[in-house]
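Residue numbers (this note's numbering): 179 to 341.
Where is the CB? At the ideal position from N, CA and C, for every residue including glycine.
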């Protein structure tokens, strides 16, 4: 197992926590000097907070651990390509590199729709690498959304039966 796979496996553990809460299974860890200093997972529904994305939760914990909002020389491992909000926070926090499990063609802003991590006009750019443990990350998301569609279908059937 490579170093990147080791830390992505830790991000997957975080994503499984989100899944257990009924959240979209996205997990994240932030690494500094080969140690995890921040962990996060998606909690938007649980917290009833738009800002409760895995990346932002991990950034908050890593900043607290380092005692600084700047996360220079830190790496982020996240199971899904960051959205526009998270990509902006990654740039603002000065993270050095992001490793993603899979891309997000509907909302990704590290290359799928936009690439906010490498806007030359910004004062900081972030290195990006994708497809670390791709199959595990992608299948977890695919299975979650498949189960969600099946639950919605079942609810419709139950509601019709009650009518």
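One or two residues paired with residue i in a DSSP bridge
i, result
"residue 206", "218, 256"
"residue 293", "288"
"residue 307", "277"
"residue 213", "210"
Straight-line gap, residue i to residue j (C-alpha atoms, nearest Å)
i, j, result
"residue 209", "residue 249", "10 Å"
"residue 278", "residue 334", "35 Å"
"residue 314", "residue 339", "38 Å"
"residue 190", "residue 257", "6 Å"
"residue 273", "residue 322", "29 Å"
"residue 267", "residue 306", "15 Å"
"residue 309", "residue 242", "29 Å"
"residue 271", "residue 247", "6 Å"
"residue 212", "residue 181", "9 Å"
"residue 324", "residue 332", "12 Å"
"residue 254", "residue 237", "9 Å"
"residue 292", "residue 263", "12 Å"
"residue 299", "residue 276", "19 Å"
"residue 244", "residue 316", "31 Å"
"residue 226", "residue 179", "37 Å"
Spatial neighbours of residue i in its chain, beta-carbon cut-off 8 Å, leaving aside the 5 residues before and after
i, result
"residue 223", "199, 200, 201"
"residue 261", "231, 282, 285, 286, 287"
"residue 214", "185, 188, 207, 208"
"residue 156", "Coverage of the chain is limited to positions 179 through 341, which leaves residue 156 absent and any answer about it impossible."
Beta strand (DSSP E) segment containing residue i, residue limits
i, result
"residue 279", "275-280"
Residues of its chain near residue i, where Cβ-Cβ distance is below 7 Å and the 5 sequence neighbours each way are ignored
i, result
"residue 192", "205, 206, 207, 217, 218, 219, 232"
"residue 265", "287, 288, 294, 295"
"residue 328", "none"
"residue 290", "259, 281, 282, 283"
"residue 228", "222"
Sequence-distant residues of the same chain with beta carbon closer than 6 Å to residue i, five excluded per side
i, result
"residue 235", "218"
"residue 203", "193, 196, 197, 318, 322"
"residue 251", "274"
"residue 311", "183, 186, 279"
"residue 239", "216"
Residue interval of the alpha helix (DSSP H) (run including residue i)
i, result
"residue 200", "From DSSP, residue 200 is part of no alpha helix (DSSP H); its letter is neither H nor E."
"residue 264", "262-270"
"residue 320", "312-340"
"residue 242", "232-244"
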